[in-house]
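Going line by line, the protein sequences match chains A and B.
Residue numbers for the first sequence follow numbering that gives the first Met the number 0, beginning at 0 and rising by one.
Residue numbers for the second sequence follow numbering that gives the first Met the number 0, beginning at 0 and rising by one.
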Amino acid sequence: MKRLALYILLELFTSQLYATEYAVVINKNIESLHLGQIKAFFLKKTSYLGDEAIVPINLSSRNPIRISFEKKVLHMSFTRLKSYWTKQHYLGHRPPISMKSQASVKAFIEKVDGAIGYMDLKKVDGDLKIVYKWSD
Amino acid sequence: MLKKLLIVLVLVSALFGVEYQEESGYHLGEGTQVGSLPLYIGGYFSVDYRYKESKSRYRIDDLAFLAYGNYNKLSYMSEFEFKEFYTLSEEESGFTTNQDKSLHVERLYADYNFNENYMLRGGKYNSQVGFWNLLPINVLRDTTSNPISTDIIFPKFTTGLYASYTSFNEGDLKIDTMLQHNDDFDSDYNNYVIDEHYALGVTYSKDEFEVKLNIGMFDNYMPNNTTQNLYYILASMKYETEKLQVMSEVGSQSATDGFTTEYAAYLQGVYRLSEEHAAILRLESYDDSYNDTRDDIAIFGYTYRPLYPVALKAEYQFHSISLQNQFLFSFSVLF
């Protein structure tokens, strides 16, 4: 029994140690964002922060970081998001644009004022501002 | 005629029957952009069948086209629709047909977003009351029928101004107001003929829960060319997880001399058996003093969505007024 408890504790510790960390990042011109705003921008409930147009960028639909972002940050599954965007089409809203690689997302955010995206924490450098972190 | 129209609808479904086309980026149910213009187009249609009092009715109900887009802080939405486009009804003397070729303006408005909190709208729009009336089209509903409460308490459409304040925090808070002080745009296409509508709404959502309260007043044109001020209140709640959705709306309507609808309410549960299949139970009750009608209804429904924007729905309604018992089936697509 003791061995089993030790094993579970060790598993928990190592899974935390090696959990992949991700970050929601923004262009440096944006002050800061909280989780409620991040969700609102990616679900296109609003597209402005003050006078600044906010441009959310997704990774492609099968990308594991996007799947993790949708599950852990938006708290929505792929299926639920499909129905959400179908309803939004009727309401006149479009889903965020998608890019194939984290490098493209990073380059876009650096270049475009108001851009917001997410990527592996290890890929983030001083050209981007981290506003939220999560792990698998 | 009916056959030709059905063939056209089947062809349209086939045309848009590709869920995802990598090359063009087209997803069924999300419309498509016209070139690089700030213009997206799409639409929807529905056909339905009803069996009631031993009689059948076949109908092409909706055939609608959407066009919308945005430019900086300004966005627009337009929706034009043929309603009850073709109806084939079984009568004692045989079958009768009816066609309504009028193209109605269902929505036509422009929005201006001041910032992340404030928005102003002008034009004709779905009255922002409750949850059901925000997404009222067949393909986005879980049943072919609409709850009675969504038809008798408040005007479905408003032509005028709409303003909202939304705060996005741990929970989202929205306060909105609707103002109409003019004739309806396309007044034939509303459940009430109105020239005034003033209303206030408060919505709060957090995680899986959303609650909403609406109060309002509108001026209803009566058949004898007089008008009547009607007041309404509607409380709504929604709970939604991946598998389950529970939604309820309870409302009441009154005139200066008493209730016109003492109460009208529904409670609906949708259980998603899988991505494609859902089972629905809806309980309704209302007391319409104006038409002197009171009914309790239990509706059992089943929906199959091979893709989310394509819905095949069947339901059976048990009414306390047993003559109203009926079976409904529909096929609808959003493209």
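Quick reminder that beta carbons are idealized off the backbone N, C-alpha and C, glycines included.
Values in this document were obtained by computation on a predicted structure and should not be read as measured data.
Check the DSSP bridge columns for residue i and list the partner residues they point to.
i	result
B:Ser284	B:Ala264, B:Asp295
B:Val180	Note that residue 180 of chain B is His in the sequence shown, not Val. Paired residue(s): none; B:His180 is not in a bridge.
B:Phe64	B:Gly42, B:Phe79
B:Gln98	B:Tyr85
B:Gly257	B:Ala254
B:Arg49	B:Arg56, B:Leu327
B:His276	B:Tyr303
B:Asp110	B:Ser74, B:Arg120
B:Val309	B:Leu306, B:Val332
B:His318	B:Ile296
Measure the CB-CB distance between residue i and residue j and report whether it falls below 7 Å.
i	j	result
B:Gly42	B:Ala63	yes
B:Phe130	B:Lys237	yes
B:Ser284	B:Ala264	yes
B:Arg49	B:Thr86	no
B:Gln244	B:Val210	no
A:Arg65	A:Leu58	yes
B:Arg271	B:Lys242	yes
B:Leu306	B:Leu27	yes
B:Tyr39	B:Met76	no
B:Tyr231	B:Phe153	yes
B:Ser88	B:Arg56	yes
B:Ala162	B:Thr143	no
A:Ile129	A:Val24	yes
A:Ala18	A:Ser134	yes
B:Leu233	B:Val332	no
B:Met221	B:Tyr197	no
A:Lys86	B:Leu65	no
A:Pro94	A:Trp84	yes
B:Gln325	B:Lys100	no
Have a look at the options and flag the residue whose alpha-carbon is nearest the alpha-carbon of residue i.
i	options	result
B:Glu275	A:Lys81, A:Trp133, A:Tyr131	A:Lys81
B:Ala313	B:Asp99, B:Val46, B:Gly28	B:Val46
A:Ser31	A:Ser97, A:Lys70, A:Ile115, A:Ser67	A:Ile115
A:Glu109	A:Ile96, A:Glu20, A:Lys44, A:Asp124	A:Asp124
B:Gln267	B:Asn324, B:Ile214, B:Ser148	B:Ser148
B:Val309	B:Leu229, B:Asn137, B:Glu89	B:Asn137
B:Lys72	B:Tyr164, B:Asp287, B:Asp110	B:Asp110
B:Asn132	B:Asp256, B:Leu119, B:Arg106	B:Arg106
B:Thr240	A:Asn26, A:Arg79, A:Tyr89	A:Arg79
B:Thr292	B:Thr259, B:Asn324, B:Ser273	B:Thr259
B:Thr165	A:Asn26, A:Leu48, A:Ala22	A:Leu48
B:Met246	B:Asp141, B:Phe81, B:Thr225, B:Asn290	B:Asp141
A:His92	A:Ile37, A:Lys44, A:Ala106	A:Lys44
B:Asn145	B:Arg304, B:Leu119, B:Ile279, B:Ser288	B:Ile279
B:Asp150	B:Val249, B:Val33, B:Ser74, B:Ser329	B:Val249
B:Asn228	B:Asn181, B:Leu212, B:Ser253, B:Val33	B:Ser253
If the cut is a Cβ gap below 7 Å, which residues of chain D does residue i touch?
i	result
A:Arg79	Looking for chain D here will not work: the only protein chains present are A and B.
Does the contact criterion of 3 or more C-beta pairs under 8 Å hold for the segment 158-172 of chain B versus the segment 201-220 of chain B? yes
Quick one: which unbroken alpha helix (DSSP H) runs of 4-plus residues sit fully inside the segment 66-127 of chain A? Chain order, please. 77-90, 101-110
Using a Cβ distance threshold of 8 Å, determine whether the segment 119-137 of chain B contacts the segment 152-160 of chain B, with at least three qualifying pairs required. yes
Check whether the segment 115-126 of chain A and the segment 92-106 of chain A are in contact - that is, three or more C-beta pairs closer than 8 Å. yes
Kindly confirm or deny that the segment 173-185 of chain B and the segment 292-300 of chain B touch, where touching means at least three C-beta pairs closer than 8 Å. no
Mind listing, in chain order, the continuous alpha helix (DSSP H) runs of no fewer than 4 residues lying wholly within the segment 143-175 of chain B? 148-151
Do the segment 86-100 of chain B and the segment 110-120 of chain B make contact, defined as three or more Cβ pairs closer than 8 Å? no
In chain order, which continuous runs of the beta strand (DSSP E) of length 3 or greater are located wholly inside the segment 175-239 of chain B? 193-205, 208-220, 226-239
Check whether the segment 289-296 of chain B and the segment 314-324 of chain B touch, using three or more Cβ-Cβ pairs below 8 Å as the test. yes
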